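Student:
There are 2 protein chains.
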Amino acid sequence: MRFLRAHAALTRELSSRLEALHELTLSDFDVLVQLYYAEGRRMRRIDLARSVLLTASGITRLLDGLEAGGYVAKERCDSDARVTYAVLTKAGVRKIEDARESHLADIEELFGSQFTREEREQLGELLGRLPLAHTAEACSE
Amino acid sequence: MRFLRAHAALTRELSSRLEALHELTLSDFDVLVQLYYAEGRRMRRIDLARSVLLTASGITRLLDGLEAGGYVAKERCDSDARVTYAVLTKAGVRKIEDARESHLADIEELFGSQFTREEREQLGELLGRLPLAHTAEACSE
DNA sequence: TAGCTATACTTGAGTTCGCAAGGATCATAG
DNA sequence: CTATGATCCTTGCGAACTCAAGTATAGCTA
Numbered sequence: 000m001r002f003l004r005a006h007a008a009l010t011r012e013l014s015s016r017l018e019a020l021h022e023l024t025l026s027d028f029d030v031l032v033q034l035y036y037a038e039g040r041r042m043r044r045i046d047l048a049r050s051v052l053l054t055a056s057g058i059t060r061l062l063d064g065l066e067a068g069g070y071v072a073k074e075r076c077d078s079d080a081r082v083t084y085a086v087l088t089k090a091g092v093r094k095i096e097d098a099r100e101s102h103l104a105d106i107e108e109l110f111g112s113q114f115t116r117e118e119r120e121q122l123g124e125l126l127g128r129l130p131l132a133h134t135a136e137a138c139s140e
Numbered sequence: 000m001r002f003l004r005a006h007a008a009l010t011r012e013l014s015s016r017l018e019a020l021h022e023l024t025l026s027d028f029d030v031l032v033q034l035y036y037a038e039g040r041r042m043r044r045i046d047l048a049r050s051v052l053l054t055a056s057g058i059t060r061l062l063d064g065l066e067a068g069g070y071v072a073k074e075r076c077d078s079d080a081r082v083t084y085a086v087l088t089k090a091g092v093r094k095i096e097d098a099r100e101s102h103l104a105d106i107e108e109l110f111g112s113q114f115t116r117e118e119r120e121q122l123g124e125l126l127g128r129l130p131l132a133h134t135a136e137a138c139s140e
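Going line by line, the protein sequences match chains A and B.
Numbering follows numbering that gives the first Met the number 0, in which position 95 of the first sequence is assigned residue number 94; successive positions increment by one, without gaps.
Numbering follows numbering that gives the first Met the number 0, in which position 28 of the second sequence is assigned residue number 27; successive positions increment by one, without gaps.
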C-alpha cells in the first residue's frame, strides 16, 4: 500500500513540475536520460522500450512526440532493416541537460531530503531486489 | 530510478493478474479495500478519492464501473445534499473477500518473498516518510 | 435575507498508455 | 531457394486518468 501511494504522490508531483518547467512527461524525461547515457546517444527503439518499461507501441508514440519536438531523430540500421535507432539531437542534448538540473533538485527536495545517505542506499538496494526491476541501466538518477 | 522501475514492473504484473482472475483494476481493488475497512463499509466519494490518490473525477468514473458491476451503490447523505456515499454491496463484500486472497498471495510472491520481516518493515517505514504518502488509512495490505 | 465563497460531484475533451493485429525483415532448416 | 518462425515496428482501438468547466448545495457575512 505504502508503495503504491508513495509512487502515485511522488510521480504526480514530479511530473507536474517537469511539465510546467520543460513541457516534458516523466516518461519523456526518462527516455531522454537513457539516450543521453547510451553509447553514441542512440538506442534501438526496442531496447529503449525495455529499459524504461514501456511496450513497443508506447515507445513509438512517445518518440513521435519527441521527434516532433526535434529532440530525437530516427536513424536506420544498416545491418538489420527491421530496427530503427532513436538518436538524441543537439537540441535533445541541450533539453535534457537543461531539464536534468531542476528535475534532480525536485527529486532531492521530495525524495532525498527525507533520508540519510545510508537510508537512501538501503532503500535502493531493497527496491532493486524486486523482480523485473533490473532493467535500469547504469545511471545514478 | 529504481523506485519508478520497481513500481512499473510490480503494478503491471499485479494488475494483469488481478484483471485476469477477477476482472478488477488495481485501483478498483484499492477502492474496494478502502470501503471494506471503512466504518459501515461506506465513504464519501471525495474521501475515497483522497485515500486512493485519485481526483474526484477519477473516482466518479471508477465507481461508475463498480456500480455497473453491482459491487458498490450510491447513498445520499441526509445532512449534506452535496455529498454522496459509496457503499459496498453484499456482492461487493463477496467480491473483495474473494479477490483479497489471490491478490495477497500475488503480493507475497512478488514482493514479500524478497524480504525478511524486518526488511519489509523498514521498507514500509522509509516509504511512509515520503511527502503526501500519508493518505493511506489504517489497513495492513 | 442576499451575496460570496467554498465544497461535492459530474461531464466533455484530451493524454498516455496497453493489447492485439498486421507488415516488414531476418535467420534457420530443410 | 523456400517455408517457418521469430523479431522490430506501427496502427486501430479501448481503458484509465487528469484538467477545466459547469451545477448544486452549504455556510458565512453583512
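We treat Cβ as the ideally placed atom computed from N, Cα and C, and that holds for glycine.
Please read all numbers here as calculations on a predicted model, not as lab measurements.
1) Pull up the distance between the alpha-carbon of A/L47 and that of A/T115, whole angstroms please.
2) For the segment 10-17 of chain A against the segment 61-73 of chain A, are there 3 or more C-beta pairs whose distance is under 8 Å?
3) Span of the alpha helix (DSSP H) holding B/Y36?
4) Smallest Cα separation from A/E76: which of A/M42, A/A37, A/R128, A/K94?
5) What's the gap between the Cα of A/A98 and the Cα of A/H21?
6) On a CA-only basis, which of B/G64, B/D29, B/E38, B/V86 is nearest B/R49? Give me that one, please.
7) According to DSSP, is B/L87 part of a helix, a strand, or is it coil?
8) Buried or exposed for A/K145, please, with buried defined as at least 16 other CB atoms from any protein chain shown within 10 angstroms of its CB.
9) Find the residues of chain B that neighbour A/R128, judging by a C-beta separation of less than 8 Å, and give them in chain order.
10) Spatial neighbours of B/A82 within its chain, please: CB distance less than 6 Å, with the 5 preceding and 5 following residues excluded, ordered by chain position.
11) What residues in the segment 37-53 of chain B have a beta carbon less than 7 Å from any beta carbon of chain A?
12) Entirely within the segment 33-82 of chain A and at least 4 residues each: give me those alpha helix (DSSP H) ranges in chain order.
13) Can you tell which of A/L3, A/I58, A/L87, A/Q113 has the C-alpha that lies nearest to the C-alpha of A/E38?
14) What number of angstroms, rounded off, separates the C-alpha of B/A85 from the C-alpha of A/Y84?
15) Could you tell me whether the Cβ of A/R16 comes closer than 8 Å to any Cβ of chain B?
16) Taking the Cβ atom as the reference point for each residue, do A/L52 and B/A7 lie within a distance shorter than 8 Å?
17) Suppose you measure from the CA of B/D105 to the CA of A/M0; what does that come to, to the nearest Å?
18) Less than 8 Å between the C-beta atoms of B/L129 and A/L9, yes or no?
Tutor: So, from the data block:
1) 32 Å
2) no
3) 25-36
4) First, the amino acid is wrong: residue 76 of chain A is Cys here, not Glu. If we check each option's Cα against that of A/C76, A/M42 comes out closest.
5) 7 Å
6) B/D29
7) strand
8) What is shown of chain A runs 0 to 140, which leaves residue 145 of chain A out entirely.
9) Q113, F114
10) A small fix is needed here, since residue 82 of chain B is Val in this sequence, not Ala. Excluding positions up to five away in sequence, the list reads R43, C76.
11) L52
12) 44-50, 55-67
13) A/L87
14) 50 Å
15) no
16) yes
17) 14 Å
18) yes
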